[in-house]
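Residue numbers (the numbering used here), protein chains in the order written: chain A, 1 to 363; chain B, 364 to 488. Below is one structure, written out as structure tokens; the observations come after it.
Okay, structure coming up:
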């Protein structure tokens, strides 16, 4: 299969990106280095190309009813120009994908993980109601993320829309560098920030305009490597790592988006109600590891010789300068302060369950 | 990409500087670039015996962990202690301050199996 390129492929090359295949696209994993890019976003502002993400549109008289059935959050509570974090689940409660849902006056936009795009498309097709127009314009749209404490100041310079009025998890339509775009106050870094969706043909121009606007704040392009370390410090789940078809949203700490008492029926409702009633057997927790080693996806969490859980994400935190990780442990071991052990290439390292997120912005 | 002429190389991207019967060992500029930001290095103690092509340590970068393979057989006579606190020296100065261990060779003929700078250049292109 041919590896696809985003509209910004050449731009990434010009910025010296290391481009690797990810979810069928050549994507920048890093430019100058993950640590430096990570700290740039934490301290000032960075710009990401996340055009590999999938975008679906839903229109028609039954779109809302369908999305209420398809997703686990409450779509009725979603106002026009508001965004909502949600997920699709299988009948047994396992997660198909996590996603963002945006309500426009005339349609809904769903942004899904690039790696799950085909699977999600199939899943939606299988359940689609009559009276819903379902479209997948993913390949025609570019998505840029501007993230960091100077994201607002940067983006404001290239748009006439007063984006300070767009609250967290709300969106607006307007021009960015004279190009029609959707601007949402969303992101995957734990910082303040915006995501801008626009047509491919204008992506390079808009990217360059934002780079120029952010120069006074030392804006830099940020790769997927730092995107991963940034999201981990704030315990945002990554599909394929922390959540997948074998995990349910309740044990993943996503109870807050699982609206079991919403009025309409939805896929997985019975299973999730049952899981809640039985009590959770395990939970996704954050831990900090002592010692010079990095916990990584798939490593075992052990208690003596016995495996009690599994690491789902791990890294050396560029900000905290310590090894941290996420993983599933039995509910009995999930309390903050509990000592656990991680098997790292057959050596056992002590670790401790800690409060998450590991980092919280202070502005 | 820097590939100094005075060094020998392995397929696993270690470099070797020969000084009589002792070799200094590190990883190449190419290797550190592929690994990205290095956060930990685990090296053997002095007096440890190492064997050609077998792992002598590990290197942890933000995105990946990788074994280090000994380019020759012998005994470790010195390690670069600075790397414990400053592993980033491997990224910043892979051929100089980022050296890892020195090995007293037990069989100098093993050097013949290492790559020349020209061969290594082909190997990574």
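Just so it is clear, CB atoms sit at the ideal spot from N, CA and C, and this is done for glycine as well. Predicted model only: the values in this text are computed from it and were never measured.
Any idea what DSSP makes of residue 487/B, helix, strand or coil? Residue 487/B falls in the helix class under three-state DSSP.
Return no unless some Cβ of chain B is closer than 9 Å to the Cβ of residue 318/A. So yes, residue 318/A belongs to the interface.
Beta-carbon within less than 6 Å of residue 20/A's beta-carbon, same chain only, minus the 5 sequence neighbours each way: which residues are those? So the qualifying residues of the chain are 29.
Can you tell me which of the three DSSP states residue 328/B falls into? Because chain B in this structure spans residues 364 to 488, residue 328/B falls outside the shown range and cannot be described.
Hey, how far is the Cα of residue 486/B from the Cα of residue 454/B? Straight-line Cα distance between these residues: approximately 21 Å.
Smallest Cα separation from residue 72/A: which of 152/A, 100/A, 285/A? Comparing Cα-Cα distances from residue 72/A to each of 152/A, 100/A, 285/A, the minimum goes to 100/A.
At a Cβ threshold of 9 Å, is residue 443/B touching chain A? It does not: the Cβ of residue 443/B has no partner Cβ on chain A nearer than 9 Å.
Between residue 24/A and chain B, is any beta-carbon pair separated by less than 9 Å? It does not: the Cβ of residue 24/A has no partner Cβ on chain B nearer than 9 Å.
When the Cα atoms are used, what is the spatial distance from residue 134/A to residue 11/A? Spanning the two alpha carbons is a distance of roughly 32 Å.
Secondary structure, beta strand (DSSP E): runs of 3+ residues fully inside the segment 234-306 of chain A: Those beta strand (DSSP E) runs which fall completely within the segment 234-306 of chain A and span 3+ residues are 282-289, 300-303.
Straight-line gap, residue 403/B to residue 112/A (C-alpha atoms, nearest Å): C-alpha separation (whole angstroms): 35 Å.
Cβ neighbour criterion (16 or more within 10 Å) applied to residue 159/A: Looking at its Cβ environment, which holds 16 or more other Cβ atoms inside 10 Å, residue 159/A is buried.
Is there at least one Cβ from chain A nearer than 9 Å to residue 388/B's Cβ? Taking Cβ atoms only, chain A never reaches closer than 9 Å to residue 388/B, which makes this a no.
Would you report the Cα separation of residue 151/A and residue 8/A, rounded to the nearest angstrom? In this model, residue 151/A and residue 8/A are separated by some 20 Å (Cα to Cα).
Short check: CB of residue 288/A to CB of residue 354/A, under 9 Å? Yes. Within cutoff.
Thinking residue 163/A and residue 156/A are a contact (beta carbons under 8 Å), I'd like their distance in whole angstroms, please. Contact holds; Cβ gap of about 6 Å.
Complete runs of the alpha helix (DSSP H) confined to the segment 419-456 of chain B [at least 4 residues]: Listed in chain order, the alpha helix (DSSP H) runs fully inside the segment 419-456 of chain B are 445-448, 452-455, counting runs of at least 4 residues.
Rounded to the nearest angstrom, what separates residue 42/A and residue 167/A at their Cα positions? Approximately 20 Å between the Cα atoms of the pair.
By a C-beta neighbour count over all protein chains shown, 10 Å radius and 16 as the cutoff for buried, is residue 3/A buried or exposed? With fewer than 16 other Cβ atoms inside 10 Å of its own Cβ, residue 3/A counts as exposed.
Could you give the first and the last residue of the continuous alpha helix (DSSP H) run that contains residue 336/A? No alpha helix (DSSP H) contains residue 336/A, which DSSP labels as neither H nor E.
Exposure label - residue 400/B; buried when at least 16 CB within 10 Å: Its Cβ being crowded by 16 or more others within 10 Å, residue 400/B is buried.
Would you check if the distance between the CB atom of residue 342/A and the CB atom of residue 302/A is smaller than 9 Å? Their beta carbons are under 9 Å apart, which means residue 342/A touches residue 302/A by this criterion.
Under 9 Å by beta carbon: chain B residues contacting residue 35/A: Taking a Cβ-Cβ threshold of 9 Å, the residues of chain B close to residue 35/A are 399, 400, 402, 425, 451, in chain order.
Evaluate the contact criterion for the segment 54-72 of chain A versus the segment 432-444 of chain B: three or more CB pairs, one atom per stretch, below 8 Å. The segment 54-72 of chain A is not in contact with the segment 432-444 of chain B.
By the three-class DSSP mapping on this structure, what secondary structure does residue 217/A have? Residue 217/A: helix per DSSP, three-state reduction.
Counting only Cβ pairs nearer than 8 Å, list the residues of chain B close to residue 296/A. In chain order: 428.
Fully enclosed by the segment 375-401 of chain B, which beta strand (DSSP E) runs are 3 residues long or longer? Runs of the beta strand (DSSP E) inside the segment 375-401 of chain B: 377-382, 385-390.
For residue 232/A, return the contacting residues in chain B, with the cut-off set at a CB-CB distance below 7 Å. Within chain B, no residue comes near residue 232/A; the closest Cβ sits about 11 Å away, beyond 7 Å.
Rounded C-alpha distance that separates residue 38/A from residue 226/A: Going from the Cα of residue 38/A to the Cα of residue 226/A covers about 5 Å.
Any idea if residue 350/A is buried or exposed, counting beta-carbon neighbours within 10 angstroms, 16 or more meaning buried? Counting the other Cβ atoms within 10 Å of the Cβ of residue 350/A gives fewer than 16, which makes it exposed.
Counting only Cβ pairs nearer than 8 Å, list the residues of chain B close to residue 312/A. One finds nothing in chain B with a Cβ atom closer than 8 Å to the Cβ of residue 312/A; even the nearest lies about 16 Å away.
Give a yes or no on whether 9 Å exceeds the smallest Cβ distance from residue 159/A to chain B. No Cβ of chain B is located within less than 9 Å of the beta carbon of residue 159/A.
I'd like to know if residue 417/B contacts chain A, where contact means its C-beta is closer than 9 Å to some C-beta of that chain. No, residue 417/B lies away from the interface with chain A (no Cβ there is under 9 Å from its Cβ).
Between residue 29/A and chain B, is any beta-carbon pair separated by less than 9 Å? Chain B, which has a Cβ nearer than 9 Å to the Cβ of residue 29/A, makes this yes.
Under the DSSP definition of a beta bridge, which residues are partnered with residue 107/A? In the DSSP assignment, no residue is bridged to residue 107/A.
Please tell me whether residue 93/A and residue 250/A are closer than 9 Å, where the distance is taken between their beta carbons. Cβ distance < 9 Å, so residue 93/A and residue 250/A count as in contact.
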